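Number 215 in the working numbering belongs to position 215 of the sequence shown; there are no gaps in the numbering. Where is the CB? At the ideal position from N, CA and C, for every residue including glycine. Fair warning: this is a prediction, and the values are worked out from it, not measured in the lab. Contents: one structure, followed by commentary.
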Amino acid sequence: MPDPIYLDYAATTPVDAAVLEAMMPYFRENFGNPSSIHRWGRNAEKAIEQSRRDIAAVLDCEPNEIIFTSCGTESDNLGLRGAAVAQREAGRGNHLITTAIEHHAVLHTAVQLRDHYGFDLTILPVDEHGRVRLSDVEAAIRPDTTLISVMYANNEIGTIQPIAEIAAIARARNIITHTDAVQAASQLDANVKRLGADMLALGAHKFYGPKGVGALYVRKGTPMIPAQTGGGHERGRRAGTSNVPYIVGMAAALKLVAERRETDNARYRQLRDKLIAALTQIPDSRLTGHPEYRLPNHSSFVFRGIDGNELLMRLDLEGLAASSGSACKTGDPEPSEVITALGYERDWALGSLRLTVGRPTTEVEVERAVEVVTRVVGGMK
Ligand SMILES: Cc1ncc(COP(=O)(O)O)c(C=O)c1O
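Next comes the structure, spelled out in structure tokens:
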């Protein structure tokens, strides 16, 4: 049996060798608690603050606008809950806006804010390619709207949203914008000045950093209460002893991603376009997501009359690791909410497949993946 092929880089990525090397000293030699006064503590703190500066340089913001968290999910939770509650306490309003295609880290947080914290929530629809319409954003805004959360790029269908335009609409009305950039940061420009968002969430394991660490950019002056209380870490916004080696790893990984962006993306596009060209030849198949505004490494499809979970299992038996949308939902027999939001009927929506390429992906792997998917889907008809 040939070597297995991993085409699920949107689910997670391997830690880059240089990133792992940068992390290692902070497990043993420099193991100090950055809150301690002594030299062990100071060494650890120095590493944290250098990492903060490195991440701020990529995002084009001030280092003290970065809050370290435990993952992308926590960053989304902190951004939404922290700002929504603080805005309400400041008497600014009680209405939040998000979209139907957000990752559950945002969508379930927004729904909890509605169902348990008494906020009003508008969930915007998307067009057939998964893009939010600016006219819908404008129409949903009320005098008491305080926060709009729209993801930068979607994990299931790769569609990129017009964040700068949405942020401009929001800013003109004094509304805060949060964007979930957990998928986008591995490939797209995450310059917060150009994007204009007030908050931006990152998770390191999507860009060749370690799992279990994330960051939230919060523009200076954005009201926020902490979601996790305790000590005064992260300037009182996120309590808990800092995960020094992982933070060092995240900063190293983000720097690398920014340096390699152009070359990596050009290669990803070429591989991705091969997958799209070949797999849309399969009868009763469609590309999901936007043909143009999509992540360079991302291809996603629906096959009519196919059970997506069964397809994944069959592909796995053939040595091909793929996904049918968000990894968190694998095993869920209901069609994906994201694919349904695009307007697909159940017999199409159940048969979704996501293939995402990464740094280690080769042409040969892509060619083999095309052969395997075409054969397996054909055999399931
Ligand atoms: C768009 C998006 N947001 C948030 C998350 C959650 O990130 P994490 O796994 O770091 O908690 C993911 C992970 O799948 C994602 O793709």
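Cβ shell of R92 (< 7 Å), same chain only, five flanking positions each side left out
Exclusion of the five residues before and after R92 leaves T146 as the residues of its chain whose Cβ lies within less than 7 Å of its Cβ.
ask   = With distances taken between CB atoms, is the gap from Y208 to V244 smaller than 8 Å?
value = Contact: no.
Measuring only between beta-carbons, confirm whether R261 sits less than 8 Å from chain B.
-> Annotation note: the requested chain B is absent from the structure, which comprises a single protein chain.
Here's a check: name, in chain order, each residue in its chain whose Cβ is nearer than 7 Å to the Cβ of E74, leaving out the five neighbours to either side. Only G214 meet the Cβ criterion.
| query | Between the C-alpha atoms of G249 and E318, what's the straight-line distance to the nearest angstrom? | reply | Going from the Cα of G249 to the Cα of E318 covers about 34 Å.
- Item | Cross-strand partners of D120 (DSSP beta bridge) | D120 pairs with H95.
### Query
Counting Cβ pairs closer than 8 Å, one from the region 80-98 and one from the region 109-129, do we hit at least three?
These segments touch.
(request) Just mark S326 as buried or exposed, buried being the case when its beta carbon has 16 or more other beta carbons within 10 Å. (result) Any answer about S326 is weak, because its pLDDT of 46 lies below 50 and its placement is not dependable; what the coordinates show is given next. Here S326 is buried: its Cβ has 16 or more other Cβ atoms, across all protein chains shown, within 10 Å.
message: Beta-carbon within less than 6 Å of W348's beta-carbon, same chain only, minus the 5 sequence neighbours each way: which residues are those?
response: Correct list, in chain order: V302, R304.
Item to complete: Check whether the Cβ of G214 sits closer than 7 Å to any heavy atom of ligand 1, and report yes or no.
Response: Of the heavy atoms belonging to ligand 1, at least one sits nearer than 7 Å to the Cβ of G214.
- request: Would you list the one or two residues that DSSP bridges to Y6?
  value: Looking at the DSSP assignment, Y6 forms a beta bridge with A321.
- Query: Rounded C-beta distance between N265 and Q187? I'm assuming under 8 Å.
  - Reply: Taking the Cβ atoms as the reference, N265 lies roughly 6 Å from Q187, within the contact range of under 8 Å.
Subject >> Rounded separation between L202 and Q183 - CA only >> reply: One C-alpha to the other measures close to 8 Å.
* To do: Return yes when at least one heavy atom of ligand 1 lies under 7 Å from the C-beta of D76, else no.
  => True, at least one ligand heavy atom lies under 7 Å from that Cβ.
- Query: Which same chain residues, not among the five before or five after C328, have their C-beta less than 6 Å away from its C-beta?
  - Reply: Residue placement at C328 cannot be trusted, given a pLDDT of 46 that sits under 50; what the coordinates show is reported in the next sentence. Same-chain partners within the cutoff: there are none.
Are there any heavy atoms of ligand 1 lying less than 7 Å away from the beta-carbon of H103, as far as the coordinates show? Flag set: Cβ of H103 near ligand 1.
Measuring straight from C-alpha to C-alpha, what distance separates L113 and A105? Spanning the two alpha carbons is a distance of roughly 12 Å.
**Message:** I want to check one thing, is the minimum distance from the CB of H38 to the heavy atoms of ligand 1 below 7 Å?
**Reply:** Checking every heavy atom of ligand 1 against the Cβ of H38, none is found closer than 7 Å.
query: If you draw a straight line from the C-alpha of I5 to the C-alpha of E262, how long is it?
result: Inter-residue distance for I5 and E262 is about 24 Å (C-alpha atoms, whole angstroms).
Range covered by the alpha helix (DSSP H) that runs through H178: Membership of H178 in any alpha helix (DSSP H) is not indicated; the residue belongs instead to the beta strand (DSSP E) covering 176-180.
Query raised in the report: Would DSSP call M23 helix, strand or coil?
Result: Secondary structure at M23: helix, using DSSP grouped into helix, strand and coil.
For N64, collect the residues of the same chain with a Cβ closer than 6 Å to its Cβ; drop the 5 residues on either side in sequence, then sort them by chain order. So the list is empty, once near-sequence residues are dropped.
inquiry  = Rounded to whole angstroms, what is the Cα-Cα separation between P223 and P34?
reply    = Cα to Cα, P223 sits roughly 26 Å from P34.
ask   = Of the choices E165, Y26, L350, K255, whose alpha-carbon is the least far from that of S135?
value = When only C-alpha atoms are compared, the closest one is E165.
Next item on the list: With a cut-off of 8 Å on the beta carbons, I'd call D180 and D76 a contact; round off their distance for me.
Entry: D180 to D76, Cβ: 5 Å. Contact.
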